[in-house]
Amino acid sequence: MADNHRLGVLAGDGIGPEIVPAAVQVLDAAVAAAGGAPIEWVPLPVGAEAIATHGSALPPVTLETLGQLDGWLLGPHDSAAYPQEHRARLNPSGFLRKHFDLFANIRPAKAFEGTPALVPGLDLVVVRENTEGFYADRSTYRGTGEYMPTADVAIAMGIFTRPAIERIARQAFELAMRRRKHLTIVHKANVLRLTTGFFRDICRELAAGYPEVRVDDFHIDAMTVHLVRHGADFDVLVTENMFGDILSDLAGELAGSLGIAPSVNASHEHAMAQAAHGSAPDIAGRDLANPTAMIASGAMLLDWLGDDLSKRAADLVERGLRVTVSRGVRTADLGGRAGTAEFAGAVAAAVGELT
Ligand code: ATP
Ligand code: MG
1 MADNHRLGVL AGDGIGPEIV PAAVQVLDAA VAAAGGAPIE WVPLPVGAEA
51 IATHGSALPP VTLETLGQLD GWLLGPHDSA AYPQEHRARL NPSGFLRKHF
101 DLFANIRPAK AFEGTPALVP GLDLVVVREN TEGFYADRST YRGTGEYMPT
151 ADVAIAMGIF TRPAIERIAR QAFELAMRRR KHLTIVHKAN VLRLTTGFFR
201 DICRELAAGY PEVRVDDFHI DAMTVHLVRH GADFDVLVTE NMFGDILSDL
251 AGELAGSLGI APSVNASHEH AMAQAAHGSA PDIAGRDLAN PTAMIASGAM
301 LLDWLGDDLS KRAADLVERG LRVTVSRGVR TADLGGRAGT AEFAGAVAAA
351 VGELT
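Residue numbering for the sequence shown follows UniProt numbering, starting at 1 and increasing by one per position.
Now the structure itself:
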């Protein structure tokens, strides 16, 4: 068991340089409160800043160093704003997911007590397969995934493989075992029988190994309706890449605001904490951003590290966030007046009071 972790800090674009340091501050407070050795933070260039200093949105030094770390915080990036010649690595987070085979995208959606949620009581986790499915560019067969045979025809392929489905299904079942033991498989097997039907069938096969987990399944379209009507009835949802991308945005918004939706992208070796939202250029640099999603993503990373101290620190971060919000300290997106830095300071202080 490591008692001291080295974690990367990739600030990113837009509100990234505000919310990532906020997460570092709160994680430091939580690790100290849990009695752990301080995290060794390793700042690494990414995004527009890295283009300016290293000539690449994702310089080799960043990739090489990340490979030696257990995990990292990745701020949002605004790749649409990068100069044309940086197309090859246009999307740093997509590239990192693929490079490190971060096959599981775990996105919880949980309403904070006392904040307006479209679905009160929502508390679920979307487990999204992150390497193949209907985002064919992510697959091993990259290059054949999307193409134009003629100027008037565009074709995209979906790729579904047994090993990738088995490993994501296993993650989802393990998570369900630690939660309310209810797993919902999301597919579209009435139309996409071979691909999403395969996904559903393999998930069902694995259910035999988890007899305590109640398993059901829905078509993706019906699922959106159920989430809006009675989302609080769901616990863990497992689905392919594109369905998971869309469902988790929906679930995050039903839980409150995008500003509170965290995520982690993980393999068995590496984990990348990443807020579900984008770089929010409209509010960047004005101390307006809600750092909750980034902070809560950092807590998920601590939890993923798996040692007792990190898990205790992760729990403190989550409780610190809830206490702070329940005291009425909120950023503008949740109807409050606190700035990014003030909110982060309040959470760090709350974490200190909890022990
Ligand atoms: P991307 O393409 O990078 O995902 P996007 O188009 O989905 O970006 P976001 O950057 O996520 O857009 O922003 C969507 C809206 O939500 C914007 O109005 C933004 O200000 C707001 N928003 C996003 N994140 C936050 C946050 N952490 N705090 C407050 N508001 C936010
Ligand atoms: Mg977005």
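Glycine is no exception: its CB is placed at the ideal position from the N, C-alpha and C atoms. Since the structure is predicted, the reported quantities are computational estimates derived from the model, not experimental observations.
Under a three-way DSSP split, which group does residue i fall into?
{"i": "Arg214", "result": "strand"}
{"i": "Glu132", "result": "coil"}
{"i": "Gly8", "result": "strand"}
{"i": "Ile159", "result": "strand"}
{"i": "Val46", "result": "coil"}
{"i": "His99", "result": "helix"}
{"i": "Val24", "result": "helix"}
{"i": "Tyr141", "result": "At Tyr141 the pLDDT is 49, less than 50, meaning the model places this residue with poor confidence; the figure from the coordinates comes in the next sentence. In this structure, Tyr141 counts as coil in the three-state DSSP scheme."}
{"i": "Met1", "result": "Note that Met1 has pLDDT 44, beneath the 50 cutoff, so the model's placement of it is unreliable and no number is given."}
{"i": "Ala338", "result": "coil"}
{"i": "Glu318", "result": "helix"}
{"i": "Ala266", "result": "strand"}
{"i": "Thr224", "result": "helix"}
{"i": "Ala154", "result": "strand"}
{"i": "Val329", "result": "coil"}
{"i": "Ile15", "result": "coil"}
{"i": "Arg89", "result": "Note that Arg89 scores a pLDDT of 48, beneath 50, so its modelled location is shaky and nothing firm can be said."}
{"i": "Thr355", "result": "coil"}
{"i": "Pro281", "result": "helix"}
{"i": "Val323", "result": "helix"}
{"i": "Leu124", "result": "strand"}
{"i": "Glu40", "result": "strand"}
{"i": "Glu146", "result": "strand"}
With the cut-off set at 8 angstroms, would you say residue i and residue j are in Cβ contact?
{"i": "Ala289", "j": "Ile283", "result": "yes"}
{"i": "Phe199", "j": "Leu183", "result": "no"}
{"i": "Ala232", "j": "Gly121", "result": "yes"}
{"i": "Gln25", "j": "Ala344", "result": "yes"}
{"i": "Gly67", "j": "Met242", "result": "no"}
{"i": "Met300", "j": "Val264", "result": "yes"}
{"i": "Leu206", "j": "Glu269", "result": "no"}
{"i": "Arg170", "j": "Val236", "result": "no"}
{"i": "Leu74", "j": "Thr62", "result": "no"}
{"i": "Ala23", "j": "Ala255", "result": "no"}
{"i": "Arg97", "j": "Val42", "result": "no"}
{"i": "Val215", "j": "Ile185", "result": "yes"}
{"i": "Arg322", "j": "Glu113", "result": "yes"}
{"i": "Gly71", "j": "Leu305", "result": "yes"}
Where does the unbroken alpha helix (DSSP H) through residue i begin, and where does it stop?
{"i": "Lys110", "result": "Unbroken run through Lys110 is the beta strand (DSSP E), Ala104 to Lys110; no alpha helix (DSSP H)."}
{"i": "residue 413", "result": "Outside the displayed span of the chain (1 to 355) sits residue 413, for which this structure offers no information."}
{"i": "Val61", "result": "Pro60 to Leu66"}
{"i": "Thr239", "result": "Element bounds for Thr239: not the alpha helix (DSSP H) but the beta strand (DSSP E), Val236 to Thr239."}
{"i": "Ser79", "result": "Neither: Ser79 is in no alpha helix (DSSP H) and is coded neither H nor E."}
{"i": "Ala293", "result": "Thr292 to Leu305"}
For residue i, which residues from the same chain have a beta carbon less than 8 angstroms from its beta carbon, with the 5 sequence-adjacent residues on both sides left out?
{"i": "Val31", "result": "Ala37, Pro38, Ile39, Leu302, Leu309, Ser310 and Ala313"}
{"i": "Glu18", "result": "Ala284, Gly285, Asp287, Ala289, Pro291, Thr340 and Ala341"}
{"i": "Arg89", "result": "The pLDDT assigned to Arg89 is 48, lower than 50, so where the model puts this residue is not dependable, and the model offers no usable value."}
{"i": "Arg229", "result": "none"}
{"i": "Met177", "result": "Tyr210, Glu212 and Val213"}
{"i": "Phe100", "result": "Leu66, Gly67, Ser267, Glu269, His270 and Met272"}
{"i": "Ile202", "result": "Arg162, Ile165, Glu166 and Ala169"}
{"i": "Leu175", "result": "Ile106, Val125, Val127 and Val236"}
{"i": "Ser248", "result": "Asn105, Arg107, Ala109, Val126, Arg128, Ala261, Ser263 and Ala276"}
At a Cβ threshold of 8 angstroms, is residue i touching chain B?
{"i": "Arg170", "result": "Chain labels in this structure do not include chain B; a single protein chain is all it has."}
Please look up how many angstroms separate the CB atoms of residue i and residue j, rounded, as I've assumed it's under 8 angstroms.
{"i": "Thr115", "j": "Phe160", "result": "Not quite, the Cβ-Cβ distance comes to about 38 angstroms (not below 8 angstroms), so this is no contact."}
{"i": "Gly259", "j": "His277", "result": "6 angstroms"}
{"i": "Gly12", "j": "Pro108", "result": "Their Cβ separation, rounded to whole angstroms, is 21 angstroms, which puts Gly12 and Pro108 out of contact at 8 angstroms."}
{"i": "Ile155", "j": "Val125", "result": "33 angstroms between Cβ atoms; not a contact."}
Identify, in the order they occur along the chain, each residue of the same chain with its Cβ nearer than 7 angstroms to the Cβ of residue i, setting aside the five sequence neighbours on each side.
{"i": "His219", "result": "His187, Lys188 and Asn190"}
{"i": "Val329", "result": "Gly336, Ala338, Phe343 and Ala346"}
{"i": "Pro281", "result": "Gly14 and Asp78"}
{"i": "Ser279", "result": "Gly12, Asp13, Gly14, Ile15, Gly16, Pro76, His77 and Asp78"}
{"i": "Ala34", "result": "Leu309, Arg312, Ala313 and Leu316"}
{"i": "Ala332", "result": "Leu288"}
{"i": "Ala348", "result": "Gln25, Val26 and Ala29"}
Just reading off the beta strand (DSSP E) that residue i is part of, what are its end residues?
{"i": "Ala271", "result": "Ala271 to Gln274"}
{"i": "Leu73", "result": "Gly71 to Leu74"}
{"i": "Leu192", "result": "Segment: none, Leu192 is in no beta strand (DSSP E) and carries neither H nor E."}
Whose C-beta lies closer than 6 angstroms to the C-beta of residue i among residues of the same chain, with five residues either side of it excluded?
{"i": "Ala48", "result": "Asp13"}
Should residue i be counted as a contact of the ligand PLP given a C-beta to heavy atom distance under 7 angstroms?
{"i": "Asn265", "result": "Looking for the ligand PLP in the displayed structure turns up nothing; the ligands present are the ligand ATP and the ligand MG."}
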